[in-house]
Amino acid sequence: IISQTHAEAQALHDQLDKERRALHEMLMQESVSESTVMARSDQVNALHGKLHKLKLQTLLRVREMLTPAQRSKLRGLRQQRRQAFRAACGNDLVTLCGGDGGGRRMKKRCLFHNYDKLSTGCRQLVDKKLKRRGQRGRF
128 IISQTHAEAQ ALHDQLDKER RALHEMLMQE SVSESTVMAR SDQVNALHGK
178 LHKLKLQTLL RVREMLTPAQ RSKLRGLRQQ RRQAFRAACG NDLVTLCGGD
228 GGGRRMKKRC LFHNYDKLST GCRQLVDKKL KRRGQRGRF
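Per the numbering used here, the very first residue in the sequence shown carries number 128; after that it's consecutive.
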């Protein structure tokens, strides 16, 4: 199921990145109309919504296939992963990102932007996640 949706998700990510860059470049121009910026913003939000729905559909399809015991084991594995993240990157979040508050996206963005300053353990965890995803710049 996951491999079936991977190509679609990758295409949406690429398109979303392209639209975000276009929006950013648009905002850097001397003069740009509000309607043009808002239209581009709508495109970014629509792609974000499509990607979110695709992730949810994939999650629901996978969940349907799992037994209650398998779902329980999966929850345990996710909890272990979160604990490993906190152990490896907790101090980095505090020192480099001004605390461990904020959402998951803000944490990831901060760690990515401060990659060269990360502790060895946190950098290894980030590298492992990037390698698992097979992507550069998105973790």
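In this text, a Cβ means the ideal position worked out from N, Cα and C, and glycines have one as well.
| query | Okay, do the region 208–224 and the region 235–243 touch, 3+ Cβ pairs below 8 Å being the bar? | reply | yes
| query | Excluding the five sequence neighbours on either side, which residues of its own chain have a C-beta within less than 6 Å of the C-beta of Lys-180, listed in chain order? | reply | none
| Outcome for Val-159 when other beta-carbon atoms lying within 10 angstroms are tallied against a minimum of 16 | exposed
| said: I'd like to know if Leu-220 contacts chain B, where contact means its C-beta is closer than 7 Å to some C-beta of that chain. | reply: Although the question refers to chain B, the structure presented lacks it and comprises just one protein chain.
| query | Taking Glu-146 as the reference, which of Leu-174, Ile-129, Arg-213 has the closest Cα? | reply | Leu-174
| Just how far apart, CA to CA, sit Gln-131 and Arg-259? | 17 Å
| field | Contained alpha helix (DSSP H) runs [length at least 4] in the region 215–263, N- to C-terminal order | value | Uninterrupted alpha helix (DSSP H) stretches at least 4 residues long and entirely within the region 215–263 occur at 231–240, 247–260, given in chain order.
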